[in-house]
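Data first, discussion second: the structure below is written as structure tokens.
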Amino acid sequence: AVNDLPVHFLRRNEIDREVMTFEDTCGGCERLFSSPIPIFYTQWTARFLSIGMIAIPFVLYEPFERTWNHVGMIPAAGLLAFFLFGIEELAVQMEEPFSILPMQRFCDEIGANCDEIVKFGLEWEEEEE
Numbered sequence: 001a002v003n004d005l006p007v008h009f010l011r012r013n014e015i016d017r018e019v020m021t022f023e024d025t026c027g028g029c030e031r032l033f034s035s036p037i038p039i040f041y042t043q044w045t046a047r048f049l050s051i052g053m054i055a056i057p058f059v060l061y062e063p064f065e066r067t068w069n070h071v072g073m074i075p076a077a078g079l080l081a082f083f084l085f086g087i088e089e090l091a092v093q094m095e096e097p098f099s100i101l102p103m104q105r106f107c108d109e110i111g112a113n114c115d116e117i118v119k120f121g122l123e124w125e126e127e128e129e
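Taking the UniProt record's numbering, the leading residue of the sequence shown gets 1, the next gets one more, and so forth.
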């Protein structure tokens with residue numbers, strides 16, 4: 001299809017190289033998409049993190065024994081849980097990146113860039129003649 005473009009042969013070679021790079025990148029994305037992280041890992045990390053968060057008050061009891069009624073332990077445990085569960089949620093989102101990325105917008109942008117390259121090639125050919 002690239003050979004049928006009405007552009008200079010040097011530009012055609014450059015387009016062909018870029019299309020091959022794009023195909024390689026798409027192949028890498030295809031491999032990522034077809035081999036997701038098993039659900040067992042996600043469940044295991046969530047359970048492990050939950051058990052760890054249950055143990056946090058016991059771990060923080062002694063460091064906070066000088067505060068009145070261990071009051072400082074409650075916000076410390078809450079803050080720790082907030083950050084650790086936030087990291088866990090980010091990990092879940094990163095396991096399947098294609099569900100959160102705006103893929104249609106990326107494809108539209110690539111199509112617009114291809115149209116621009118062909119248009120530029122046609123203008124360049126007209127200037128040479």
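Just so it is clear, CB atoms sit at the ideal spot from N, CA and C, and this is done for glycine as well.
query                                                                                                                                            : result
Which term fits Met73, buried or exposed, when burial requires 16 or more other beta carbons within 10 angstroms of its beta carbon?             : buried
I'd like the list of long-range same chain contacts for Glu62, defined as Cβ closer than 8 Å, with 5 residues on each side in sequence excluded. : none
Excluding the 5 residues flanking Ser34 on each side, which residues of the same chain have their C-beta closer than 6 Å to its C-beta?          : none
So, using beta-carbon positions, are Met53 and Leu84 closer together than 8 Å?                                                                   : yes
Quick check: Ala55 and Glu88, are their CB atoms within less than 8 Å of each other?                                                             : no
Could you give the first and the last residue of the continuous alpha helix (DSSP H) run that contains Asp24?                                    : Phe9 to Ser34
From what residue to what residue does the alpha helix (DSSP H) around Gly86 run?                                                                : Met73 to Glu95
Tell me the rounded alpha-carbon separation between Asp115 and Ser99.                                                                            : 27 Å
Does DSSP put Ile54 in a helix, in a strand, or in coil?                                                                                         : helix
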